[in-house]
Amino acid sequence: MVSYYTPFSQVYIYLIIYILRKSYYYDMAREKYDEEDSLDKFKAAIGHTEPGIAEYFLANIYANSEDEKDQELKSQYLEIADVDKVWSYYDIDRLLKNDKSLEKNFEILKKDYTLSKANQELAGMYRQLSDAQKELEEMMSMFAHKFRGPLDAIISNTTHENQVKLYTEAAQTMRGLLDVFSIISTDPKILKDKIKLDKQGNGTLSTVFMKTLDMMILHLLSAIGAEKIQQHYMTYAKTHGLCSPELSYKGWIEENFELEQQLQSEWEQSFAHLLGESDQLEPRLAWLEVHFFKLELSGFEEANIQFRANGVTESFLMILLNEILVNAFKYYSSATRQPVVLEWMERDGQQVLVCRNPSVRTERTIIKGSRKGHAFLSTLARKTGSQFVKPQPQDEFVLEFAIPNELLLAQ
Numbered sequence: 002m003v004s005y006y007t008p009f010s011q012v013y014i015y016l017i018i019y020i021l022r023k024s025y026y027y028d029m030a031r032e033k034y035d036e037e038d039s040l041d042k043f044k045a046a047i048g049h050t051e052p053g054i055a056e057y058f059l060a061n062i063y064a065n066s067e068d069e070k071d072q073e074l075k076s077q078y079l080e081i082a083d084v085d086k087v088w089s090y091y092d093i094d095r096l097l098k099n100d101k102s103l104e105k106n107f108e109i110l111k112k113d114y115t116l117s118k119a120n121q122e123l124a125g126m127y128r129q130l131s132d133a134q135k136e137l138e139e140m141m142s143m144f145a146h147k148f149r150g151p152l153d154a155i156i157s158n159t160t161h162e163n164q165v166k167l168y169t170e171a172a173q174t175m176r177g178l179l180d181v182f183s184i185i186s187t188d189p190k191i192l193k194d195k196i197k198l199d200k201q202g203n204g205t206l207s208t209v210f211m212k213t214l215d216m217m218i219l220h221l222l223s224a225i226g227a228e229k230i231q232q233h234y235m236t237y238a239k240t241h242g243l244c245s246p247e248l249s250y251k252g253w254i255e256e257n258f259e260l261e262q263q264l265q266s267e268w269e270q271s272f273a274h275l276l277g278e279s280d281q282l283e284p285r286l287a288w289l290e291v292h293f294f295k296l297e298l299s300g301f302e303e304a305n306i307q308f309r310a311n312g313v314t315e316s317f318l319m320i321l322l323n324e325i326l327v328n329a330f331k332y333y334s335s336a337t338r339q340p341v342v343l344e345w346m347e348r349d350g351q352q353v354l355v356c357r358n359p360s361v362r363t364e365r366t367i368i369k370g371s372r373k374g375h376a377f378l379s380t381l382a383r384k385t386g387s388q389f390v391k392p393q394p395q396d397e398f399v400l401e402f403a404i405p406n407e408l409l410l411a412q
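Number 120 in the working numbering belongs to position 119 of the sequence shown; there are no gaps in the numbering.
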């Protein structure tokens, strides 16, 4: 065992003395050892390399701390701490032989210590169960959230164009999402293995992007999605002289409900008609620039990624793209109409998706969903061996998600 206790400062040593002053042992032993002798022995304990002795006192340092990191350190030390070795190290047996009245008190102290260690283990198990429960709740929430896209596409298609192709795509998307969420919630290793094996087919990054975009826009343009993109309706109305250019966000919500409903219906019909007229990306991007903002894509055509249509890789990428794109549309804000930039690149052995989204603080503080999107992306990254660092809430909002090459690229 490495002796990493020796460098501890005098402050920590005296802290240990203070803690043990509160214990039975100090009260009983103070007549046997003066403070100077105790200090030497505590120094020896700190530098002791035999597992179980130094850790006992180190665990006591953090015993009463409410800090989560301190509690983690306490747990680590308690796993190695050995109270019997501590008693032996301080020659407790000799004290007990000299004064039998101490034996009962020491037995109580040892039982208290054992109980404390057991409680610590139970607390750790409870935290693990609590974290698992929280993750499951978040997973179910995101599952329902991701299903709304293809479901709204079906509803919109029923109301307007009735394109058989769109029905089929939406149903296949829902089936793929079911598969991925089912695997994520049970065995993430299976998910990674399935993605690694899914490297042949006619699915590409560009095709999955367009499919995701269609489903997402139809969801946002539905009546239920209107509240997530109110700033876009207001900006459009101001630009086209449908309301005062000085109108505030609060004024729009309070005074222009009917105008918003009209725009929502017109946009939904317009986009549904576009889907029936063209299967190309360019007309969609042009439509977005008129109604929302300019969306610039980089690296999607060049990415050498292939997979089976409607398979596990496509569903995984759809979940990822949908979460990032929806947030970009919900929190976009730019007085100068700056574009949203979505970039796919290879970097340091990873396939990296970067989204640069202009925003402002007032827009980001408006509640437009569950606020669990970043937590879900963190879970998705952890379960696929990817990397996601929660972005800083700033006006030039940059989000990155990095996937290992081995998951997506053929070797």
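Just so it is clear, CB atoms sit at the ideal spot from N, CA and C, and this is done for glycine as well.
From a predicted model like this one, the values you see are computed outputs, not experimental measurements.
Nearest-angstrom Cα separation, counted from residue j out to residue i
{"i": "G226", "j": "N305", "result": "34 Å"}
{"i": "D83", "j": "L74", "result": "16 Å"}
{"i": "E56", "j": "R128", "result": "23 Å"}
{"i": "M235", "j": "L243", "result": "9 Å"}
{"i": "Q352", "j": "L286", "result": "24 Å"}
{"i": "H241", "j": "W268", "result": "14 Å"}
{"i": "N311", "j": "Q388", "result": "24 Å"}
{"i": "E324", "j": "G386", "result": "18 Å"}
{"i": "D215", "j": "I230", "result": "16 Å"}
{"i": "G125", "j": "Q72", "result": "10 Å"}
{"i": "D199", "j": "W288", "result": "33 Å"}
{"i": "S223", "j": "Q232", "result": "15 Å"}
{"i": "I196", "j": "D188", "result": "13 Å"}
{"i": "Q263", "j": "I218", "result": "17 Å"}
{"i": "A203", "j": "T314", "result": "According to the sequence as given, residue 203 is Asn; it is not Ala. Computed Cα separation, rounded: 12 Å."}
{"i": "V399", "j": "V341", "result": "10 Å"}
{"i": "S245", "j": "G252", "result": "10 Å"}
{"i": "P284", "j": "A238", "result": "22 Å"}
{"i": "S131", "j": "L192", "result": "24 Å"}
{"i": "R365", "j": "E397", "result": "12 Å"}
{"i": "F317", "j": "Y63", "result": "43 Å"}
Top-ranked residue by Cα proximity to residue i, from the options
{"i": "K190", "options": "R383, E228, K391, Q393", "result": "R383"}
{"i": "P394", "options": "T363, F402, N406, L378", "result": "T363"}
{"i": "M319", "options": "F210, D68, S131", "result": "F210"}
{"i": "D85", "options": "Q72, G53, F301", "result": "G53"}
{"i": "K391", "options": "G202, S379, K212", "result": "S379"}
{"i": "L343", "options": "N328, E278, M126", "result": "N328"}
{"i": "I367", "options": "K70, L248, E228, A64", "result": "E228"}
{"i": "K212", "options": "V313, R365, E297, L276", "result": "L276"}
{"i": "N406", "options": "W345, F398, S360, M217", "result": "W345"}
{"i": "E303", "options": "S131, T208, K197, N65", "result": "T208"}
{"i": "H220", "options": "P246, K193, A273", "result": "A273"}
{"i": "N358", "options": "L408, E297, S131, A411", "result": "E297"}
{"i": "A376", "options": "Q121, F402, S360, E397", "result": "F402"}
{"i": "K300", "options": "G374, S76, C356", "result": "Looking at the sequence shown, residue 300 is not Lys but Gly. Nearest option by C-alpha distance: C356."}
{"i": "F58", "options": "L354, E347, S76", "result": "S76"}
{"i": "N65", "options": "Q121, E80, Q265, R309", "result": "Q121"}
Three-state secondary structure assigned by DSSP to residue i
{"i": "G204", "result": "strand"}
{"i": "L296", "result": "strand"}
{"i": "Y19", "result": "Confidence at Y19 is low in this model, with a pLDDT of 44, below 50, so its placement is unreliable and no value can be given for it."}
{"i": "R383", "result": "helix"}
{"i": "Q351", "result": "strand"}
{"i": "D68", "result": "coil"}
{"i": "R128", "result": "helix"}
{"i": "G411", "result": "Per the sequence shown, the amino acid found at residue 411 is Ala instead of Gly. In the structure shown, A411 sits in coil (DSSP, three-state: anything other than H, G, I, E or B)."}
{"i": "F301", "result": "coil"}
{"i": "N257", "result": "coil"}
{"i": "R338", "result": "coil"}
{"i": "G226", "result": "helix"}
{"i": "V291", "result": "helix"}
{"i": "V361", "result": "coil"}
{"i": "Y332", "result": "helix"}
{"i": "G277", "result": "helix"}
{"i": "G242", "result": "coil"}
{"i": "I52", "result": "Per the sequence shown, the amino acid found at residue 52 is Pro instead of Ile. Coil."}
{"i": "I320", "result": "helix"}
{"i": "E73", "result": "helix"}
{"i": "K44", "result": "Low confidence applies to K44: its pLDDT is 49, below 50, so where it sits in the model is not reliable enough to give any reading."}
{"i": "I191", "result": "helix"}
{"i": "E315", "result": "helix"}
{"i": "S249", "result": "coil"}
{"i": "Y419", "result": "Because the chain in this structure spans residues 2 to 412, residue 419 falls outside the shown range and cannot be described."}
{"i": "T366", "result": "coil"}
For residue i: DSSP bridge partner residues
{"i": "C356", "result": "L343, L400"}
{"i": "F389", "result": "F402"}
{"i": "F308", "result": "G204"}
Contact with chain C by residue i, beta-carbon distance below 8 Å
{"i": "G300", "result": "In the structure shown, chain C does not exist; there is a single protein chain."}
Check whether the stretch 286-296 and the stretch 328-343 are in contact - that is, three or more C-beta pairs closer than 8 Å.
yes
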